[in-house]
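Trainee:
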Amino acid sequence: MRDGAVRRIGEIAAAGFVLAIGGLLVWILATQVNYTLLSSPLIAGRFAEAFFLVIRIVAISSVLSVTFGIMVGLGRISTSPITGRIAKGYVEFFRGTPLLFQLFVIFFGIPRLWATGQFPFENWAVPAAIIGLTLNHAAYVGEAVRGGIDAVPDGQMEAARSLGMSRVMALREVVLPQAWRNALAAIGNDQIILVKDTSLLTVIAVPEIMSVFRNINSNQLDPWTPLVWVCVLYLAITMSMSQLVNGLERRSDWGSDSSMFGRFSLSSSGGSDGGDD
Numbered sequence: 007m008r009d010g011a012v013r014r015i016g017e018i019a020a021a022g023f024v025l026a027i028g029g030l031l032v033w034i035l036a037t038q039v040n041y042t043l044l045s046s047p048l049i050a051g052r053f054a055e056a057f058f059l060v061i062r063i064v065a066i067s068s069v070l071s072v073t074f075g076i077m078v079g080l081g082r083i084s085t086s087p088i089t090g091r092i093a094k095g096y097v098e099f100f101r102g103t104p105l106l107f108q109l110f111v112i113f114f115g116i117p118r119l120w121a122t123g124q125f126p127f128e129n130w131a132v133p134a135a136i137i138g139l140t141l142n143h144a145a146y147v148g149e150a151v152r153g154g155i156d157a158v159p160d161g162q163m164e165a166a167r168s169l170g171m172s173r174v175m176a177l178r179e180v181v182l183p184q185a186w187r188n189a190l191a192a193i194g195n196d197q198i199i200l201v202k203d204t205s206l207l208t209v210i211a212v213p214e215i216m217s218v219f220r221n222i223n224s225n226q227l228d229p230w231t232p233l234v235w236v237c238v239l240y241l242a243i244t245m246s247m248s249q250l251v252n253g254l255e256r257r258s259d260w261g262s263d264s265s266m267f268g269r270f271s272l273s274s275s276g277g278s279d280g281g282d283d
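Take 7 as the starting number for the sequence shown in my numbering and just add one per residue.
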């Protein structure tokens, strides 16, 4: 069978699949959704509260996980064997155990380290959620940063050192700006996953979006109507974050002053871009 025929069969199959899914969605929206309940101010208000809570959790966790993840990534390339092993052990643990397990350890386990009634947090669910998401996703960000650094040619560091820069200065001014650009797509993808991971927070009593869905479904015995809200709200967050990451990628051109780490890169032969003789 010719390649053209195979391609056409694939296109027809893909189109048929899309049409089938689209038809199913139209049928669900037409027959299964209670639009009176969907537009109820009470339901909308509960989802709005959950939505803004998720926004706050995601904003704090994203900033902390990226910041801590950069530190983990630098630890992974450290010349100190102890630092490197600690960073590697951290990554292996948090990537190798389920996020749900980590949330349970933080939410249920940590308060037991205090005497009864002595735990300093009255409402521990949201802080536990932020800590859990931060620690988990920092491990993935750290690996993305390490991969970004490894992708920078060795000649960049050598050229910077030949110009008299210390290793720390060369790393900050030359290697990290390029590593950031290399790692940006992976970091952005991880932050989108972080948004979706907030759906697990219902198990530690955080009143987030999925928690509202479960309560409404239990009371109304109607899963499809609140699921419309769930879908719309999660897509609103993830699509906005995707646009933000795409914008950062477009701005992160080589040698750009907008780099968060530095201002220039070096050719492997030792010269600086745009330097004067």
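We treat Cβ as the ideally placed atom computed from N, Cα and C, and that holds for glycine.
Within the continuous alpha helix (DSSP H) that includes S46, where are the two ends?
Mentor: Taken as a continuous stretch (DSSP letters only), S46 belongs to no alpha helix (DSSP H), as it is neither H nor E.
Trainee: Our contact map puts A191 next to E149 with C-beta atoms below 8 Å; I'd like the distance itself, whole angstroms only.
Mentor: So it is not a contact: roughly 13 Å between Cβ atoms.
Trainee: Using 8 Å as the cut-off, can you tell me whether the stretch 147 to 166 makes contact with the stretch 177 to 188, which would need three or more C-beta pairs spanning the two stretches below that distance?
Mentor: yes
Trainee: Please tell me whether K202 and Y240 are closer than 9 Å, where the distance is taken between their beta carbons.
Mentor: yes
Trainee: Just to confirm my understanding: we take K94, look at its own chain, exclude 5 residues before and 5 after, and list those with CB closer than 8 Å. What are they?
Mentor: R82
Trainee: Between the Cα of Q197 and the Cα atoms of P87, I15, S246 and L25, which residue gives the shortest distance?
Mentor: With distances taken between Cα atoms, Q197 lies closest to S246.
Trainee: Within the same chain, show all residues whose beta-carbon is closer than 7 Å to that of V39, passing over the 5 residues directly before and after it, in chain order.
Mentor: Once the five neighbours on either side are set aside, the close Cβ partners of V39 are W230, T231 and V234.
Trainee: By alpha-carbon positions, which one of S86, E128, V218 and G138 ends up nearest to F110?
Mentor: Its Cα nearest to that of F110, the residue G138 stands out among S86, E128, V218 and G138.
Trainee: Take S205 and list the residues in its own chain whose beta-carbon comes closer than 6 Å to its own, dropping the five residues that flank it on each side.
Mentor: M216
Trainee: For a test of the three-state rule: what should DSSP assign to L141, helix, strand or coil?
Mentor: helix
Trainee: Could you tell me the distance, in whole angstroms, from the CA atom of A11 to the CA atom of G29?
Mentor: 27 Å
Trainee: Between which two residues does the alpha helix (DSSP H) carrying Q162 extend?
Mentor: Counting along the chain, the alpha helix (DSSP H) containing Q162 begins and ends at D160 to S168.
Trainee: Pick out the complete beta strand (DSSP E) segments inside the stretch 15 to 86, 3 residues or longer, and give them in chain order.
Mentor: none
Trainee: In its own chain, which residues sit with a C-beta less than 8 Å from the C-beta of D228, not counting the 5 before and 5 after it?
Mentor: N40, L43 and I222
Trainee: Once you ignore the five residues that flank T89 on each side, which residues in its own chain have a CB closer than 8 Å to its CB?
Mentor: Cβ neighbours of T89 within its own chain (closer than 8 Å, five residues either side excluded): G81.
Trainee: State the DSSP-derived secondary structure class of W120, mapped to helix, strand or coil.
Mentor: coil
Trainee: Using the Cβ count rule (16 or more neighbours within 10 Å means buried), how would you classify L200?
Mentor: buried
Trainee: Mapping DSSP to helix, strand and coil, what is T244?
Mentor: helix
Trainee: If we count the other Cβ atoms within 10 Å of its Cβ and call it buried at 16 or more, is L119 buried or exposed?
Mentor: exposed
Trainee: Can you name, in chain order, every residue of its own chain whose Cβ lies under 8 Å from the Cβ of G115, other than the five neighbours on each side?
Mentor: none
Trainee: Among the residues of its own chain, which have a CB less than 6 Å from the CB of F125, if the five just before and after it don't count?
Mentor: P117
Trainee: Considering only residues of the same chain and omitting the five flanking positions on each side of F127, which have a CB-CB separation below 7 Å?
Mentor: Setting aside the 5 residues that flank it on each side, F127 is surrounded in the same chain by P133, each with a C-beta closer than 7 Å to its C-beta; the list follows chain order.
Trainee: Just to confirm the assignment, what range does the alpha helix (DSSP H) spanning D203 have?
Mentor: L182 to D203
Trainee: Let me know the secondary structure DSSP gives A150 once reduced to three states.
Mentor: helix
Trainee: Quick one: give me the first and last residue of the alpha helix (DSSP H) that M216 is part of.
Mentor: Run containing M216: I215 to Q226, per the alpha helix (DSSP H) assignment.
Trainee: I'd like the list of long-range same chain contacts for R187, defined as Cβ closer than 7 Å, with 5 residues on each side in sequence excluded.
Mentor: S258
Trainee: Which of helix, strand or coil does DSSP assign to V212?
Mentor: V212: coil per DSSP, three-state reduction.
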